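Undergrad: Before anything else, here's the structure in question.
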Amino acid sequence: LEQHRPRPLWQRVGRKVGLDLPFSRVSRMRTMVNGLRLYQRVGLSAALRRMGVLRVLRLESLEAMLPPISQPPLVSGRESWEPEVVQDRVDLFNGCIMSTVFSNVNRAAGRVLAHNHVATAVPAAQQCCGALHVHSGMMDEARKLARINIDAFATDGESPIIVTAAGCGAALKEYGFLLKDDLAYAARAQQFSNRVQDVSEYLAACELVPPTHTVSGTVTYQEPCHLAHAQRITTQPRKLLAQVPGLELMEMKESSLCCGSAGIYNIIRKQMADDLGDRKAGHVIDTCADCVVTANPGCHMQLRTSLRRNGSEMPVRHIVEILDEAYGGPKVGA
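Its first residue numbered 569, the sequence shown is counted upward by one per residue in the working numbering.
Structure below.
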């Protein structure tokens with residue numbers, strides 16, 4: 569549809585500025601998120617909300633989605649994790665949102681993998697996965713990003729590529745299809761896709777080193793659509809949570825129901841997204857769990873916003889944050 573439906577100039581400019589420019593180069597996203605982190609730390613966020621400025625500029629709902637940015641960005645090529653005993657080696661797909669807004673999650677993944685004797689590298693030249701470009705019909709831009717990432721991970725053509733974002737993982741596993749007509753990249757794209765594994769998929773297949781720190785409390789698990797439906801990964805996250813000492817999993821109703829994020833639908837189809845978000849938030853609240861666990865940044869932000877809109881301050885955490893805490897890492901709320 570996108571290829572054959574001309575858009576008005578204002579929409580083309582808006583998509584270029586709001587989607588292609590920040591999501592086509594991680595360095596641009598990093599600059600933007602550094603600014604947002606400063607915006608949060610100096611208290612400007614709270615001040616603008618009190619003054620009603622965000623409401624006047626119609627930015628209130630977008631700003632509400634932003635979680636606290638607790639750590640500086642994870643720059644690809646500058647950090648790695650090397651345990652004393654190495655039983656396997658993997659490459660981490662850093663992503664654009666995960667390396668900036670959720671850099672704490674990627675670092676937690678590196679520590680959890682290290683506890684399980686897995687050395688983790690973060691290849692330097694990688695960029696955004698292109699998922700949001702595909703969702704928006706910007707196929708040429710998505711293919712360009714796919715080629716960059718295939719080249720970035722080509723130095724080690726056999727190591728698993730570990731992903732902490734379900735949406736990224738689903739997109740990366742489709743590179744073979746995305747570039748099937750590209751004679752220079754078709755075979756390499758399929759080889760790349762075959763290496764991709766979600767972090768829960770990889771860890772659940774390992775003989776997990778038993779965590780020794782108790783994580784007391786209850787959690788409920790929200791299944792990201794791109795994990796449960798696109799990748800058919802449903803039992804692995806639950807298997808991992810079941811191995812955390814002291815933790816009890818409270819299943820919610822309709823756990824695989826879309827939370828309303830759906831890529832960028834919570835921005836371009838806000839009412840539909842809010843309706844789904846409210847329905848999901850109700851199910852989460854009904855469990856009376858201490859926190860809700862998920863595995864995708866869009867779901868994380870949508871759940872956080874929906875819960876607060878429905879009067880709940882329940883924290884939202886990524887599954888590797890729970891595992892990291894069980895191995896002695898920091899407890900990070902959201």
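We put the CB at the ideal spot given by N, CA and C, even for glycine.
From a predicted model like this one, the values you see are computed outputs, not experimental measurements.
(1) Taking only the alpha-carbon atoms, compute the straight-line gap between V658 and G828 and give it to the nearest angstrom.
(2) Taking contact to mean at least 3 C-beta pairs separated by less than 8 Å, is the stretch 601-610 in contact with the stretch 633-642?
(3) Is it buried or exposed for L904, if we count other Cβ within 10 angstroms and need 16 for buried?
(4) Per DSSP, which residues does A689 bridge with? Please list them.
(5) Using 8 Å as the threshold, is the C-beta distance between P805 and V783 below it?
(6) For the stretch 782-845, list the alpha helix (DSSP H) runs that are entirely contained and at least 4 residues long, ordered along the chain.
(7) What do you reckon, are the CB atoms on V680 and V787 nearer than 8 Å?
(8) Count the other CB atoms within 10 Å of the CB of M619; is the residue buried (16 or more) or exposed (fewer)?
(9) Checking 8 Å against the spacing of the C-beta atoms, do V731 and A687 come in under that value?
(10) Return helix, strand or coil for C859, following the three-state DSSP convention.
(11) Specify the secondary structure class of R763 as computed by DSSP and reduced to three states.
(12) Among D750, H781 and G737, which has the Cα closest to the Cα of V764?
(13) Do you know offhand how far R646's Cα is from N864's?
(14) Please list, in chain order, all residues of the same chain as L891 whose beta carbon is under 6 Å from its beta carbon, the five residues on each side excluded.
(15) Assuming R675 and L642 form a contact by the criterion Cβ under 8 Å, report the distance between their Cβ atoms to the nearest whole angstrom.
(16) For L616 and L634, what's the separation of their Cα atoms in angstroms?
(17) Round the Cβ separation of V690 and N662 to the nearest angstrom and send it over; I've been treating them as touching at under 8 Å.
(18) What residue range does the alpha helix (DSSP H) around V610 cover?
(19) Taking one C-beta from the stretch 709-719 and one from the stretch 836-847 each time, how about it: are there three or more such pairs within less than 8 Å?
(20) Which two residues bound the contiguous alpha helix (DSSP H) that contains I716?
TA: Put simply:
(1) One-based indexing of the sequence shown puts residue 658 at position 90. One-based indexing of the sequence shown puts residue 828 at position 260. Approximately 32 Å between the Cα atoms of the pair.
(2) Put simply, the stretch 601-610 touches the stretch 633-642. At least three CB pairs are less than 8 Å apart.
(3) Missing from the structure shown is residue 904; the chain here goes from 569 to 902 and no further.
(4) In the sequence shown, the residue the question calls residue 689 occupies position 121. Beta-bridge partners assigned by DSSP to A689: D659.
(5) Taking the first residue of the sequence shown as position 1, residue 805 is located at position 237. Taking the first residue of the sequence shown as position 1, residue 783 is located at position 215. Not in contact: P805 and V783 (Cβ atoms no closer than 8 Å).
(6) If we require 4 residues or more, the alpha helix (DSSP H) runs fully inside the stretch 782-845 come out as 793-796, 803-809 and 833-836.
(7) Here residue 680 refers to the residue found at position 112 of the sequence shown. Here residue 787 refers to the residue found at position 219 of the sequence shown. Taking C-beta atoms as the reference points, V680 and V787 fail to come closer than 8 Å.
(8) As a first step, residue 619 is located in the sequence shown; it is residue number 51 there, counting from the start. When all chains shown are included, M619 counts as exposed.
(9) The residue given as residue 731 occupies position 163 in the sequence shown. The residue given as residue 687 occupies position 119 in the sequence shown. Result no, Cβ atoms of V731 and A687 do not sit closer than 8 Å.
(10) Counted from its first residue, the sequence shown places residue 859 at position 291. Taken through DSSP and simplified to helix, strand or coil, C859 comes out as strand.
(11) What you label residue 763 is simply residue 195 of the sequence shown in a count that begins at 1. Helix.
(12) Mapped onto the sequence shown, residue 764 falls at position 196. Of the candidates D750, H781 and G737, G737 places its Cα closest to the Cα of V764.
(13) Counted from its first residue, the sequence shown places residue 646 at position 78. Counted from its first residue, the sequence shown places residue 864 at position 296. Going from the Cα of R646 to the Cα of N864 covers about 24 Å.
(14) Position 323 of the sequence shown, counted from the start, is the residue given in the question as residue 891. For L891, where only same-chain residues beyond five positions count, the Cβ hits under 6 Å are V680.
(15) Within the sequence shown, residue 675 is the residue found at index 107, counting from 1. Within the sequence shown, residue 642 is the residue found at index 74, counting from 1. About 6 Å separates the CB atoms of R675 and L642; that is less than 8 Å, so the two are in contact.
(16) Along the sequence shown, one-based indexing puts residue 616 at 48. Along the sequence shown, one-based indexing puts residue 634 at 66. Cα to Cα, the separation comes out at about 14 Å.
(17) As a position in the sequence shown, residue 690 is number 122, starting the count at 1. As a position in the sequence shown, residue 662 is number 94, starting the count at 1. Under the criterion of beta carbons closer than 8 Å, V690 and N662 qualify as touching, at roughly 5 Å.
(18) The sequence position of residue 610 within the sequence shown is 42, counting from 1. Careful: V610 lies outside any alpha helix (DSSP H) and carries neither H nor E.
(19) No: fewer than three Cβ pairs fall under 8 Å.
(20) Translated into the one-based positions of the sequence shown, residue 716 becomes position 148. From DSSP, the alpha helix (DSSP H) with I716 extends over M707 to A720.
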